[in-house]
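Okay, so here's the structure we're looking at.
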């Protein structure tokens, strides 16, 4: 009805401001025809955009929306496992696109870096 169309308009506005949540909402509404004509192809494009350029919550949500629940669950489990080990936590943050390191401990220096410091 009218409120669904208004919700779609607000979601579009949020998406235009680069809101991952707004983009997800637009994609979901397009996928299911809520407040707008159903357009699964455009919805898929928006979900893929989130998958490749969104933050971690947006990526996980996009995986679920695209039907990759098993892959989504794998990455969430991987993140928990990798963040338990400091060095691997940094790798997990990089792999999953997190802006913040997954560990508060600094990365250890490589032997090459250590030798440069000593010279």
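Numbering (my numbering), first residue to last: 74 to 192.
A virtual CB, placed ideally from N, CA and C, is assigned to each residue, including glycine.
Check: Could you check the C-alpha separation between residue 105 and residue 126 for me, to the nearest Å?; Outcome: 23 Å
Check: Check whether the segment 129-145 and the segment 88-108 touch, using three or more Cβ-Cβ pairs below 8 Å as the test.; Outcome: yes
Check: Taking the CB atoms as reference points, tell me whether residue 108 and residue 77 lie closer together than 8 Å.; Outcome: yes
Check: For residue 72, count neighbouring Cβ atoms within 10 angstroms of its own Cβ and tell me buried if that reaches 16, exposed if not.; Outcome: The requested residue 72 does not occur in the structure, where the chain is confined to residues 74 to 192.
Check: Can you name, in chain order, every residue of its own chain whose Cβ lies under 8 Å from the Cβ of residue 113, other than the five neighbours on each side?; Outcome: 103 and 104
Check: For a test of the three-state rule: what should DSSP assign to residue 91, helix, strand or coil?; Outcome: coil
Check: Compute the beta-carbon to beta-carbon distance between residue 134 and residue 119, rounded to the nearest angstrom, for a pair I have assumed lies under 8 Å.; Outcome: At roughly 11 Å, the Cβ-Cβ gap does not stay under 8 Å, so residue 134 and residue 119 are not in contact.
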